Structures are given as C-alpha cells and as structure tokens.
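Here's the structure, in structure tokens; my notes come after.
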Amino acid sequence: MTWDFLVEALPSMTQATLATIWISAVAVAIGFVVGVPLAVACDGAPGWGRRAALAYVSFFRGVPLLIQLLLAYYALPFIGIDLPPLVAAIGTLGLCCAAYMAEIIRGGFALVPKGGLEAARLLGLTPRQTLLRIRLPISAQAMRPALISEAILIVKASSLISVVGILELTRSAQALASSTFEPLPAYALCGAIYLVINLALTLLARGRVEGRAV
Amino acid sequence: MSTPILSVRALERRVGNTEILRRIDLDVMPGEAIGVIGPSGSGKSSLLRCIAGLDEVSGGAVMVEGRQTRPGDGAVGMVFQQFNLWPHLTARENVALALKLVRRMPAADAAAKADAALARVGLGALGGRKPAALSGGQQQRVAIARTLAMEPRVLLFDEPTAALDPELTTEVLDVIRDLAAAGTTMLVVSHEMGFVARLSTRVVFLDHGVVVQAAPPAELFSPRAEPRVRSFLQTYLDRVAWAREA
Chain A
1 MTWDFLVEAL PSMTQATLAT IWISAVAVAI GFVVGVPLAV ACDGAPGWGR RAALAYVSFF
61 RGVPLLIQLL LAYYALPFIG IDLPPLVAAI GTLGLCCAAY MAEIIRGGFA LVPKGGLEAA
121 RLLGLTPRQT LLRIRLPISA QAMRPALISE AILIVKASSL ISVVGILELT RSAQALASST
181 FEPLPAYALC GAIYLVINLA LTLLARGRVE GRAV
Chain B
1 MSTPILSVRA LERRVGNTEI LRRIDLDVMP GEAIGVIGPS GSGKSSLLRC IAGLDEVSGG
61 AVMVEGRQTR PGDGAVGMVF QQFNLWPHLT ARENVALALK LVRRMPAADA AAKADAALAR
121 VGLGALGGRK PAALSGGQQQ RVAIARTLAM EPRVLLFDEP TAALDPELTT EVLDVIRDLA
181 AAGTTMLVVS HEMGFVARLS TRVVFLDHGV VVQAAPPAEL FSPRAEPRVR SFLQTYLDRV
241 AWAREA
C-alpha cells in the first residue's frame, strides 16, 4: 500500500464509510421501529394481523437479501412505485432487519413475567404504555446482545446494496480497485473499515451495559 | 344498612369442562374486610381474578358501586402473591408510573404522592431502591403502596404473604391490618388463619368453586361451623397445636 494509493483512497473511502454508517443506522432504526409492532402482532391474538406478521417474517427471512434488493430495484417501478434507488435500498435493508429483530424482540418479551403485565393492566396502563414502559425496558437488557449482533449483520449486509449502484464502502472499494489497479489494498482497506465499525459497535454496546449496571 | 360497594352475582367461571367457580353470590359493604379461605384449587384466587377482571367469567356479573368493572378502570386494586413489581424501576417509580400515565399527574406531584403512599406502608426512606435491593416483605409493601396510590374502591389481596418467611409475613400483615382499621374495603385470600380470624368482618369458605359458608369469624372458626369447614380447619389446628401447649 503506497502513499499515493492512500492519498487517492482517502476522500472517497471516508465518504463511503460515512455512507455505510448512516445507511446502516437508518436501516437498523427502521428494523427496530417496524420490528416491535411486528413482534407484538406475531404474539398477538390469532387473526389476519398475526398471519400477516408471520408471513412478513417468513418472506424477509426466507428470500436472500440480494434478491429482495433486486426485486425492490426492478419490480417496484414495474408496479408503478418509483422510489429513488437509495430509498428503495435502505427501505429493503430496514424491512429485512425488522423481520430478524421481531424474532429477537419476541424472545425478549417471553422473558417478561406475566404478573408484571397483569399489574400494569389493572392499574389502567394502555397496551401501548405497557409495551413502551414495561415490556421493552424489562426485556432490553436480555435482548441487547442479540440486537447488537443483528446491527453488525446489517452493517455487513449493507455491502449488498452496492448492486443497485449506491456508493457505500464496498462499491467505493470496487471503484478504487479499478481506478488504481490495486485491488488488494483497496479491498483490504475496505475490510478493515468494516471491522473497525463493527468493533466500535461491540464496544459501544458493552460500555453501555456496564455503565447502566444495576 | 347501606348499599353494597361490591356485588358478585351468580358468578361462574368454566375452563373447558372444568367448573372453577359455580354461581358465587357475594355482597361486600363499604369498610368490610372479607377473608377468603379454603383448600388449594377451591377457586379462591380465581374469585379474586374474576372480580379484578383478569380472568374471563362464563356467567354472572361483578359490580362495583353498581357498575360492571373492567380491568384498569380503577375500581379494583389487586396485590399479588408474587408482588409483580417492575424490576427496572425504583420503588418510587413503581408507585408513580400509573399516577403519571393513567391519572395524568405531573411528575413532581406523582413522585410526592408515591412517597406519601410508601410512607404509609413504612417505606418512606426506601423510595430510591429497586425491587432487587428490597426484601420480599418490603417488595410486597411497595406493591401495596402502588395499588393504594390509585385509590381503588375495593382492594384484593391474593395470598399476599405466601412467598414470605414468617418474620416478613408479619410486617406485611401489619400493613394490611392498618388498612382494614382505616376502613379500606378489602378481600383477602390467605392461609394465615389467625390473621384472617382477627382481620375479617366476614369469612368466606370456598370449596370446589362453591361458597360452603360465609359468616363472621367467631362463627366460622367455631365448633358450630359447617362440617366441611371444621374438617379443613382441624388439619390447620393440628399443625399449630404445639403452640398452644407451649
């Protein structure tokens, strides 16, 4: 890896790193926000809501993310939904993340003692208040490691959205490899950056757990 | 006499083919403390859970001050065997949460009311502790404060000391006795017979989902009681007999 290579790589790879970080962050946020109601629906009373939620999870977990991205890119315009590629890509990533997070959140909810929920119900808390103030906080500690793992998977899976032409880390590394004719340092740098992002994520999660120790 | 504050009318609960409660009728006057006793599986907890609305009823009605109750309408408060505190919140937050969310009190007012409720159960100094840092008796008293703060019309205690050792049992029973003395209308399911005898204005004996006898304690805990009640109490007396000889 030469000095010239780094000078050439630095601006585009910095920008690409930031792109990967914010795209992943938005996808994970979508995943959580959609995953919570999905988890509630999956555990809810039998009916169309539960069936729809279970079908959703089956689809997004059963179809490869790459195919989902290609479907979103090619099929949505075909049925008249014209989204910018970036929106379609982040949306797909987030909705896929939601399916996995829903399963994690369901597992967390199963750990919340039923009695605490009965107390909330009798005291007059609404189901929504019980979800936000009781179920989620009580299960958060237990869910956190699995949710962080899922976030790490999303950071790595975001490399797939390069196929629809978005300039994130992987796509930028490909561009760098072909413009410098030095594929090895380009991909090594790219891999190292993913590793650093995910290590930071792990440390962040761990630091927070210790900081909040009961 | 005044009108009943709680009316249970022909209450039935079936699960599949099993009859848990069979046409229970019970009127409770304001300020009464009703002890509910009976063997395990007789329907004591089910009766309380049906009154609270936590278990579905198959027939009949539960009315508080003439209105059919729903869980969360504030008419009925319940204290559980397992306390059911929320472990992520402090004692004060456990008591204040429903005041804030349901009664829509400002945070400062809710905290002040929570502290007052905690002081009433003798825990004024421990509001900042989480349940894990409290003894079982203290946790149960927090649970009582949490229910009291919402000022329910009727208070239900479902074996409130069954998970506690004898020493901690005493501190919880003292709180319940003080509440009864202050005129709180309550139903108490308990196996602490001496406590039930001294606390209650009336005692209800349940067996197989039926009220076998409902009478003042002096009558129910006497040789004049129904044979089924006497045979149940005899096993209890046999167990504590050593205490009388000592």
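Chains A and B, in that order, give the protein sequences.
Everything in the first sequence is counted per the UniProt record's numbering, starting at 1 for the first residue and increasing by one.
Everything in the second sequence is counted per the UniProt record's numbering, starting at 1 for the first residue and increasing by one.
In this text, a Cβ means the ideal position worked out from N, Cα and C, and glycines have one as well.
Source: prediction; values computed, not measured.
Open item on the list: Rounded to whole angstroms, what is the Cα-Cα separation between residue 247 (chain B) and Gln-234 (chain B)?
Closed with: Here chain B comprises residues numbered 1 to 246, so residue 247 (chain B) is not present and cannot be evaluated.
Open item on the list: The beta strand (DSSP E) that contains Phe-157 (chain B), what's its start and end?
Closed with: 154-158
TODO: Return no unless some Cβ of chain B is closer than 8 Å to the Cβ of Pro-46 (chain A).
DONE: Pro-46 (chain A) does not count as touching chain B.
Task: Below-8 Å beta-carbon distance, Ala-157 (chain A) vs any chain B residue - done: no
Task: Residues that Gly-72 (chain B) contacts on chain A, provided the C-beta gap is smaller than 9 Å - done: Ala-120, Arg-121, Leu-122, Leu-123, Gly-124, Leu-125, Thr-126
Open item on the list: In whole angstroms, give me the CA-to-CA distance for Gln-138 (chain B) and Ala-125 (chain B).
Closed with: 11 Å
Open item on the list: Tell me the rounded alpha-carbon separation between Ala-177 (chain A) and Pro-11 (chain A).
Closed with: 14 Å
- [ ] Please say whether Ser-158 (chain A) and Ser-24 (chain A) have beta carbons closer to each other than 8 Å?
- [x] Yes, these two residues count as a Cβ contact at 8 Å.
Open item on the list: I'd like to know whether the C-beta atoms of Val-121 (chain B) and Val-175 (chain B) end up nearer to each other than 8 Å.
Closed with: yes
Task: Nearest-angstrom Cβ-Cβ length linking Ala-102 (chain A) and Gly-44 (chain A), presumed shorter than 8 Å - done: Their Cβ separation, rounded to whole angstroms, is 12 Å, which puts Ala-102 (chain A) and Gly-44 (chain A) out of contact at 8 Å.
Task: For Ile-51 (chain B), the residue or residues it bridges with in DSSP - done: Paired residue(s): none; Ile-51 (chain B) is not in a bridge.
Task: Stretch pair the segment 106-113 of chain B + the segment 41-55 of chain B: three plus CB contacts closer than 8 Å - done: Contact between the segment 106-113 of chain B and the segment 41-55 of chain B is absent, because fewer than three Cβ pairs lie under 8 Å.
Task: Residue of A:Thr-130, A:Thr-2, A:Val-163, A:Gly-49 minimising C-alpha distance to residue 221 (chain A) - done: In the structure displayed, chain A extends from 1 to 214; residue 221 (chain A) sits before or after that span and is not available.
Task: Proximal residues to Ala-99 (chain A) (C-beta, below 6 Å), its chain only, five neighbours per side dropped - done: Its chain contains Val-57, Phe-60, Arg-61 as the residues whose beta carbon lies nearer than 6 Å to that of Ala-99 (chain A), once the 5 sequence neighbours on both sides are disregarded; these appear in chain order.
TODO: Using a Cβ-Cβ cut-off of 8 Å, state whether Gly-108 (chain A) counts as contacting chain B.
DONE: no
Open item on the list: I want to see whether chain A comes within less than 8 Å of Val-57 (chain B), judged by CB atoms only; does it?
Closed with: no
Open item on the list: Between which two residues does the alpha helix (DSSP H) holding Met-13 (chain A) run?
Closed with: Run containing Met-13 (chain A): 3-43, per the alpha helix (DSSP H) assignment.
Task: Own chain residues within Cβ distance below 7 Å of Phe-5 (chain A), not counting five before or after - done: Thr-180, Glu-182, Pro-185
Task: Three-way DSSP call (helix, strand, coil) for Gly-59 (chain B) in this model - done: strand
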